[in-house]
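To keep things clear, I will list the structure first and then write my remarks on it.
Residue numbers (our numbering), protein chains in the order written: chain R, 22 to 396; chain C, 22 to 396; chain G, 22 to 396; chain E, 22 to 396.
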C-alpha cells in the first residue's frame with residue numbers, strides 16, 4: 022500500500038533551508054530564523070530558558086494564559102520576574118510598559134504576547150517595542166495568534182525573539198514553529214551558561230550545527246510532513262498576498278463584532294475598545310444569567326463545525342470566543358457562526374427567562390451588518 | 022516543493038491488480054472485476070454499449086433518474102427498450118419484473134438500479150435476480166448507492182454486470198469505479214460487433230489487454246491517486262468489517278426515519294414502506310405548503326456542512342434528502358441533520374402560516390427516537 | 022483513520038473552473054478548455070469521434086504509435102483517411118503536409134502528434150498550422166509529450182483541438198487531461214450527428230452542461246484527487262515560470278545528446294537532426310550487435326530508478342529511450358542516466374565481442390559534455 | 022487551493038489515544054506509552070533528564086555514537102557516570118554488564134542502545150535486562166533502530182523506558198516518537214525534583230495532563246500529520262504482520278552479508294560475529310587502501326538512490342553501511358545495493374592498484390548468495 026504520508030522522498034537540507042527563507046520573508050526579517058521541530062511552545066520555552074538566568078530580571082506582560090506560562094518558566098530559570106497584569110478585556114499600552122520599566126531599571130528581558138486568541142485582544146507591539154528598545158532589554162514576542170492575521174514586523178519593531186506557529190491565521194500545521202533571533206539575542210543566549218545546549222530545547226544547537234555550519238546538516242531528523250505543510254501554507258499565503266490575508270482577517274473581526282451587535286440577543290463585545298480587538302478571534306460576553314458553556318453546547322449540537330469556544334478559566338460561563346482565522350476567515354463562515362450563536366442564545370435565554378424558546382435573533386440585521394463591515 | 026499528490030512512486034501493474042482483488046473480495050465475486058478509470062457512469066455506459074445492440078430487447082427498470090439515462094443509452098445502441106416505470110415512492114418487486122419479462126419473452130438484457138439515493142428506495146435484487154436468471158436475460162445492476170451500505174452479492178444473486186463506485190457508503194473516491202463481469206457477459210459483449218473496442222468506453226480492451234494478458238500492462242495510464250484512495254477506503258472497510266459498515270448505515274437510516282417522525286414538524290417519510298427504504302439516504306416529504314428548497318436553504322445557511330439536498334426534478338419543492346453515508350453514517354451526524362432540519366422547517370412553516378417563527382421542533386424527542394432506533 | 026486521500030473537502034464547481042482557467046493560461050489560449058476526467062486518450066478519442074464522420078477525409082500524420090491509434094479511430098468513424106507516414110528518425114515538415122493537402126483537396130481534418138516520446142522527435146507545429154489553416158481543415162494536435170517541455174501555442178498556431186496531459190513534462194497526474202476547443206471545432210462537432218452525446222466520450226456534454234451552463238454543475242463527478250494534483254503541478258510550473266521549465270527540458274535534451282556522444286561507447290542519436298529532437302526524451306541507437314533490451318535490463322539492474330526504456334515495437338532491439346522530463350529534467354538525472362547507460366553498454370558490448378567486460382565508457386568526458394551543453 | 026497536508030480534519034484526543042494503543046500493541050506492553058511530539062531524541066532526553074539526578078549513578082553502555090550523547094546528558098544532570106565502552110565491531114554481553122554492575126553496586130540507572138545502525142551491531146537485551154533487573158537499576162533502552170527489524174519486548178525483558186521512532190524499520194515518520202514507561206520509572210521521575218516539568222521535555226506533563234486526566238486533553242498541540250503517518254505505518258505493519266516484517270529484515274541482513282562476501286571484491290563484514298549483526302543495517306570494511314568514502318561516492322553517482330553511507334567518524338574511510346530497512350528491506354533493494362557496491366569497489370580498487378578499472382565483482386555469485394540467504 023502506497024501512502025502519501027509515508028512514501029514521499031526525504032526532505033533535504035536545501036529544501037529545509039528554502040522553507041526557512043520563506044518564513045524569513047513572511048516576517049520581513051534579516052535576522053536568523055530557526056524552524057523548530059515542535060509546537061510553538063518549544064521555541065517559546067527555548068527562548069526563555071536561553072535568555073533568562075539567575076541575576077536577570079524579566080518584565081512579563083500578562084494579557085492572557087500564556088503570560089502565566091512564561092512567568093513560570095522565567096522563575097524556573099532563576100530570574101526575578103515583574104508581572105505586569107492587564108485586565109483581560111483590554112490591551113496593554115506602551116505607557117504601562119514604560120512605567121514598569123522605569124520602576125525596575127534592572128529589567129533586561131521583556132516577554133509579551135502579541136494577540137491573545139483567548140481574550141480577543143491584540144497589543145500595540147510597535148509602540149511597546151520602541152519603549153523596550155529605549156530601555157535596552159531583550160524583547161521576546163509570542164506572535165502565534167497574530168502572524169497572518171495582522172501586520173507583524175519584528176525587525177522594524179525591535180523584537181529580538183519573535184515566535185510564530187502556523188496553526189492559526191496561516192492555516193497551516195501546528196507541529197513545527199519558528200523564531201527569529203536577533204544578533205543581540207544570540208549573544209545573550211551564548212553568554213548564558215544555563216542556556217539549553219545539546220538539547221531538544223536548544224536554540225544554540227541550531228545556530229552552531231545548522232546556521233554556522235552553512236545549513237548542511239540538521240541537528241536532528243525533521244518532522245518532514247509538518248515541514249511540507251508549512252511550505253504549502255506559505256505558498257498559499259504568497260499566492261493570495263500577505264496583505265490580502267491580513268485584510269481578510271481584519272474584515273472577519275469587524276464583521277463578527279458588528280454582526281453580533283446587530284443580532285440583538287444581548288451579546289456584548291468582551292474587548293471594550295474595537296482598536297484592541299484581535300483580528301484572529303472575537304470574544305463576546307453573554308447576557309446576564311445566560312451560561313456561555315450552554316450556549317456553545319447548543320450551537321455546536323446544531324452545527325458541530327462552528328468555530329466557537331466557551332471562554333476558558335474564570336470566564337468560562339460568561340465569554341464566548343468566535344474564531345475566524347485560516348479557512349474560517351471568510352464572510353460565509355462569519356455568517357454561519359453568527360447564525361449558530363443567535364439561535365443558541367435564543368434557546369438558552371428562553372429557558373432562563375421561563376419563556377420557552379425566545380424569539381429568533383435578528384439574523385437578517387446581522388447579515389446586513391456583516392455586509393457593511395466586510396467592506 | 023514536494024507535494025504528496027505529485028511525488029509518490031508510480032502505481033505498478035501488480036499494485037493495480039492487488040486493488041482489483043480487494044474489490045472482488047468486497048463483492049464476494051469469482052467473476053472478473055474491471056476497475057475503470059473514471060466515474061461509475063463510465064462502466065455503466067460501457068456495459069450498456071457493450072451488451073445492447075440492434076435486435077436485442079432490454080427491460081429497463083426505472084426507479085429514478087439513472088434509469089432514464091440507461092434507457093437513452095439502450096436506445097442509442099439500437100435496442101428495443103421496455104421501460105418498467107415504478108412510482109418513485111416505492112421499490113420495484115420481483116413480481117413486477119416477472120410480469121414484464123413474461124409479456125416480452127424477447128427481452129435479453131435487464132438494467133436495474135439497486136438503491137436510489139435520489140428517491141431513498143432500495144430494490145430487492147436477490148429476488149429480482151432469480152426471476153431474471155430464470156428468464157435467461159443478461160442482468161446489469163447499478164450498485165453505486167448500495168455498495169457498503171447494504172448487502173451486495175452479485176454472484177449469489179446472478180448479476181452479470183455489477184457496477185460500483187466508492188463515493189457513497191464506501192467513503193472513497195469518485196474518479197475510479199468498478200464492474201464485475203460474468204463469463205456470460207463477456208461472451209455477449211465479445212459477440213457484439215458494435216461493442217466499444219479500442220476505446221475509453223471499452224470493457225473488452227481491459228479483458229484482452231489486461232486480464233487475458235496476465236495483468237502485466239494496463240490498456241492506458243491509471244488515475245493513480247484515485248486508485249490509492251480506493252485502496253485506502255477498502256482498507257478502512259476491511260478494518261471495520263464490511264458487516265459493521267453496512268450495519269452502521271442501516272442504523273443511520275432507521276434513526277433518521279424515526280427521528281424525523283419524532284420531530285413532530287410534519288416531515289413524512291417519502292418512501293412508504295420502511296422495508297423499501299435505502300440505507301444510503303432517507304427522503305422526507307415536507308408539510309403542505311412548505312417549500313423543500315427553502316427548508317434546505319435555511320438549514321444549510323445555519324449548518325453549511327449538513328448533508329441535506331432538496332429533491333431534484335419534479336420533487337424539488339416537496340422532497341428533502343438526508344444523506345447518511347460514509348462519514349455521515351454516524352449517530353452524531355444524524356442528530357445534527359435532524360436538528361438543522363427541525364429548526365429550518367419551523368422557520369419556513371412559521372413564515373408560511375404567518376405566525377412568525379414556529380415553535381421549535383421537538384429535538385429532545387428526536388434524540389430519544391434516534392437512540393432507540395440506533396439499537 | 023484519517024487519510025489524506027479520503028478526508029479532503031469535496032471539489033466545488035468554482036474550484037474546478039479555477040483549475041480550468043489556469044490550464045488555459047498555461048496554453049495561452051482564449052478558446053474553451055475542457056478538463057476531461059480520464060487519461061489523455063479520452064479527449065483524443067472524444068476529439069476524433071466528435072470531429073470525424075462518414076464523408077469527411079482526414080490527413081493523419083503518422084510519426085509514431087499514436088498516429089496509428091488515431092487512424093483506427095478515424096476509420097471507425099467512417100472517415101476516409103490519408104496516412105502521411107514519416108520515417109521515425111525524423112520530423113515531418115510543413116512541405117510534406119502541404120503536398121498531402123494539395124493532393125487531397127477534400128481533406129477537412131488533420132491529426133498530428135507534436136512531440137513523440139517514443140521516437141524522440143518533435144514536429145514544427147507552427148509551420149504546419151499555417152499550411153493547415155490555409156487549406157481550411159480542422160487541426161487536432163496531441164501535445165501530451167510537448168506541453169511543459171517546449172513552446173506550445175495553440176491559438177497562435179491555429180490549432181483547433183489541442184490535447185494535453187500532465188504526466189510528462191508537467192510532472193503531474195495522468196488521470197485527468199485537457200483539450201482546448203476552438204469555435205470552429207465546436208461548430209463541426211455540434212453539426213456531427215454521430216458525435217458522442219450523453220457519453221463519457223462527449224466533448225459536447227461539457228460544452229452544454231458545464232460551459233454554456235455558466236460552470237455551475239459538472240456533467241459528472243470529477244476525479245477530485247487528480248484535479249488537485251493537476252492544480253498543484255500548475256502551481257509548481259507557475260512558481261518556476263513556464264519558460265524556465267521548458268528551458269530546463271531543452272537543456273536536458275541537449276546534454277543527453279552531447280553526453281551520449283562523449284561516452285564513446287557507440288551510442289548514436291536516433292533522431293538524425295538535432296533540430297528535430299524532442300526536449301521530452303532522447304532516443305539512442307545501440308552499436309551493431311548490441312541488444313538495446315539487454316542494455317536497458319543491465320542498466321536497470323544497477324539503478325532501478327534510471328529513466329530508461331528499450332524502444333518499443335520493431336525498434337526494441339536497437340533503440341534506447343532516455344526520458345528527461347518532470348523530475349528527471351535535471352543535470353543530476355541526466356548524468357545518472359548516462360552513467361547507467363555507459364556501464365551497461367560496456368558490459369553488453371564486452372560480452373558480445375567476447376572480451377569480457379569492455380572498458381568503461383568515458384564518464385568523465387560525458388560529464389564535461391553535459392556541463393557544456395547545459396549552458 | 023485544497024492541499025492534502027492542510028485541509029484534513031483536526032486530530033481528536035480519541036484518535037490520538039487510539040494511535041497510542043496501537044503503539045502499545047506493537048511493543049506488547051502493558052505499561053503506559055507516551056507519544057512525544059518530536060524526533061526520538063526528545064523522549065530519550067526526557068527519559069534521562071527525568072531519571073538521572075545528582076547522587077545517582079548511571080551505567081552507560083557505549084556501543085556507538087548515541088551512547089556518547091546519553092553520557093553527556095547524564096553528566097549534565099549531575100549523575101555519576103560509569104561508561105562501559107565496547108569495541109564497535111561487537112555487541113556487548115550480559116556478562117560485561119554484570120561485571121560493571123558488580124563493580125559499582127551504587128548504579129541505579131542503565132542506558133543501552135538496542136541496535137546500532139551506525140556500527141551494524143545489535144545487543145542481547147533480553148539477557149542484559151535480566152542482569153539489570155537482578156541489580157535493581159532502572160533500565161532505559163534506545164530501540165529506534167531495532168523496532169520493526171527484530172523482536173522487541175520491553176515488558177518481558179524488564180525495560181523501564183523503551184524509546185522508539187518510526188523512521189527506520191517501521192517505514193514511518195521521524196517527527197514523532199514514543200516511549201513506554203514502567204510504574205517504577207514514573208515513580209523515579211516523579212520523585213526527581215529536577216525532572217522536567219511544564220516543559221516540552223517533560224514526560225510527567227504527559228502523565229499528569231494526558232494519562233491521569235483520562236486522555237481528554239493533550240498537553241500541547243500535536244504534530245497531526247506525523248501522527249497520521251505513524252498510524253498509517255502501524256496499519257501497514259499490522260497488515261503484513263509484525264513477524265513477517267522482522268523476518269524480512271533478518272533476511273535482508275543475512276543476504277547482504279552473504280552477498281557481499283560472494284562479490285569477491287574484498288569487502289569484509291565489520292561485525293565479526295553474525296549473531297551480533299543488526300537486521301537494520303549491515304556494515305562492511307573496505308579492502309586495505311580503498312577509501313570507503315570514495316567507494317560510496319562512486320556508487321551514489323551511478324545510483325543516487327542506493328541506501329549506502331560511508332561510516333562516520335573515525336571509521337569514515339574504512340567502513341560502509343548498507344541500510345536495508347523499511348522499503349529497502351527487499352531482495353531487489355539488497356541486490357541493487359550489492360551491484361552498486363561491487364562496481365564502485367572495482368573502480369576504486371583499480372585506480373588504487375594502478376590497473377585502471379578492476380575486473381567486475383562477481384555479481385552473479387552475489388545473486389546466488391542472496392537467493393540462498395533469503396530462504
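Positions of the beta carbon are idealized from the N, C-alpha and C atoms, including for glycine.
- In the DSSP annotation of this structure, the continuous segment of the beta strand (DSSP E) that includes residue 128 (chain G) starts and ends at 128 to 134.
- Neighbours of residue 26 (chain R) in chain G, taken as residues whose beta carbon is under 9 Å from its own, are 24, 25 in chain order.
- For residue 93 (chain C), no beta strand (DSSP E) segment is defined; the enclosing uninterrupted segment is the alpha helix (DSSP H) at 86 to 97.
- Chain G places a beta carbon closer than 8 Å to that of residue 323 (chain E), counting this residue as a contact.
- Against chain G, the beta carbon of residue 66 (chain C) has neighbours under 9 Å at 219, 220, 221, 222, listed in chain order.
- Neighbours of residue 257 (chain E) in chain R, taken as residues whose beta carbon is under 8 Å from its own, are 22, 24, 27 in chain order.
- Contact between residue 176 (chain C) and residue 158 (chain C) does not hold, since the beta-carbon distance rounds to 17 Å and is not under 8 Å.
- In the DSSP assignment, residue 69 (chain G) falls outside any beta strand (DSSP E) and lies within the alpha helix (DSSP H) extending over 62 to 72.
- For residue 306 (chain R), the enclosing beta strand (DSSP E) covers residues 302 to 306.
- With the criterion set as a beta carbon lying under 8 Å from some beta carbon of chain C, the members of the stretch 237 to 248 of chain G are 241, 242, 243, 244, 245, 246, 247, in sequence order.
- Take the alpha-carbon of residue 249 (chain R) and the one of residue 40 (chain R): they are about 9 Å apart.
- Apart from the 5 residues on each side of it in sequence, residue 215 (chain R) sits with its Cβ closer than 6 Å to the Cβ of 74 in its chain, given in chain order.
- As a beta-bridge residue in DSSP terms, residue 160 (chain R) pairs with R:131.
- Taking the beta carbon of residue 353 (chain E) as reference, the chain G residues within 8 Å of it are 325, listed in sequence order.
- Counting C-beta pairs with one atom in each stretch, the stretch 367 to 375 of chain C and the stretch 175 to 193 of chain C have fewer than three that are closer than 8 Å, which means they do not touch.
- Sequence-distant partners of residue 280 (chain R) (beyond 5 residues in either direction) whose C-beta falls short of 8 Å from its own C-beta, in its chain, are 355, 356, 359, 387, 388, 390, 391, 394.
- It is roughly 5 Å from the alpha-carbon of residue 187 (chain C) to the alpha-carbon of residue 193 (chain C).
- Between residue 44 (chain R) and residue 169 (chain R), the gap from beta carbon to beta carbon reaches 8 Å or more.
- Per DSSP, reduced to three states, the secondary structure at residue 171 (chain G) is strand.
- A straight line joining the alpha-carbon of residue 367 (chain C) with that of residue 78 (chain C) spans about 50 Å.
- Residue 263 (chain E) and residue 131 (chain E) have their C-alpha atoms spaced approximately 28 Å apart.
- Between residue 286 (chain E) and residue 363 (chain E), the C-beta spacing is below 8 Å.
- Considering only R:80, R:138, R:92, R:99, the residue with the shortest C-alpha distance to residue 126 (chain R) is R:80.
- Residue 250 (chain R) has a beta carbon lying within less than 8 Å of a beta carbon in chain E.
- Note on residue 51 (chain C): under 16 other CB atoms within 10 angstroms of its CB, so exposed under the neighbour-count rule.
- Using beta-carbon distances, residue 357 (chain G) counts as an interface residue toward chain E, with a partner under 8 Å.
- By the criterion of at least three beta-carbon pairs nearer than 8 Å, the stretch 50 to 66 of chain G is in contact with the stretch 238 to 248 of chain C.
- In the assembly as shown, residue 245 (chain R) is a buried residue. Its beta-carbon has 16 or more other beta-carbons within 10 Å.
- Within the same chain, Cβ atoms closer than 6 Å to the Cβ of residue 324 (chain G) are found at 361, the five residues on either side in sequence being excluded.
- For residue 30 (chain E), at least one C-beta of chain G is nearer than 8 Å to its own C-beta.
- In the structure shown, residue 33 (chain G) adopts coil according to DSSP, grouped into three states.
- For residue 254 (chain G), the enclosing alpha helix (DSSP H) stretches over residues 245 to 261.
- Annotation for residue 185 (chain C): the continuous beta strand (DSSP E) segment containing it runs 182 to 186.
- Taking the C-beta atoms as reference points, residue 222 (chain R) is found nearer than 8 Å to residue 70 (chain R).
- Interface residue (Cβ-Cβ distance to chain C less than 8 Å): residue 75 (chain G) is not classified as such.
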